[in-house]
Structures are given as C-alpha cells and as structure tokens.
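Have a look at the structure below before the remarks.
Residue numbers (UniProt numbering): 1 to 149.
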C-alpha cells in the first residue's frame, strides 16, 4: 500500500510538472513574440483586469487583489515605467485616477490570453468531452480546497 501511495505521488508530481511546463512553453512563446519585459504574474494579472474592465482605479485593484493602496501604487508605477499603462484623471472627480492600458499593455495582456488559449486548445485536442468535464471538476475541487487553507 505504501508503494502505491509513493508511486502515485511521484506520478502526480510528474504530471503537475508537465502541465506547468506546457503552460510555461505557451507563455514563453508569447514573451518571444511581444518582447515582454519580465513582468511578474501579478503585473500580468493586473494587465488582464485592465484589459477586461473600464474605469479601473487604484482602489479597485487594491480590492481585487487584496493589496494595500501603496502596494498597488508601486505595482502601477512599475507598469508605467515599462510603458504598459498610464494614469488618467477622472473628469467627474479630479481626485480619482483611472488606469488605462497603452497599446503595449493591450498587446501583452492579449498575448497572455492567447497563450492561455493555446494551452486550452492543447487540452481540447487530447481529451474528449467527458475527460474535459472531469478535468474541469477536478481543477475546481483543487482550487477551492486550496483557497480554504
């Protein structure tokens, strides 16, 4: 029984490494195509939020990512330095700044989405509908269990 558990654990480790490598390969392809300047996962997530939402403020990002406003200010500052975002004063409330993507920021955000789509296409090409449903169910279970801890 112990060998079964040890062998399964090793197979699970190998499988998760392979999935991570597949995702990394898709992301590396994206980085090579858009000259992404070593953005962190959080910066990439921020670009995706900005790409899919309008009129995003510093406070919105702080709430969304569970960060302090100074941390968000630093995050946006780095994205501004890399030419991915600009801040724009609200016309209605001059105290409020909206964060907008530049063309470069839009390109990077959308290329990351393309990388995710490549991974999805790879999965879809290898699994049937029932296997995909099972995979989705298992991923949701793993993610929801992880968030409870």
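Every residue gets a Cβ at the ideal spot worked out from N, C-alpha and C, and that includes glycine.
Burial state of residue i, where buried means 16 or more other Cβ atoms lie within 10 Å
i, result
"residue 43", "buried"
"residue 12", "exposed"
"residue 56", "buried"
"residue 142", "exposed"
"residue 85", "buried"
"residue 109", "buried"
"residue 127", "exposed"
"residue 46", "buried"
"residue 137", "exposed"
DSSP three-state assignment for residue i, whether helix, strand or coil
i, result
"residue 17", "helix"
"residue 92", "coil"
"residue 73", "helix"
"residue 107", "helix"
"residue 101", "strand"
"residue 54", "coil"
Own chain, CB closer than 8 Å to residue i, minus 5 neighbours either side, in chain order
i, result
"residue 21", "none"
"residue 153", "One cannot answer for residue 153 here, as it falls past the ends of the chain, which runs 1 to 149."
"residue 58", "69, 72, 73, 76, 97, 99"
Chain B contact for residue i (CB, 7 Å cutoff)
i, result
"residue 110", "Of the chains in the structure shown, none is chain B; there is only one protein chain."
Residue of the options minimising C-alpha distance to residue i
i, options, result
"residue 72", "89, 91, 98", "98"
"residue 90", "100, 114, 125, 81", "100"
"residue 103", "64, 65, 82", "82"
"residue 39", "115, 14, 79", "79"
Beta-carbon proximity list for residue i, same chain, < 7 Å, skipping 5 on both sides
i, result
"residue 121", "none"
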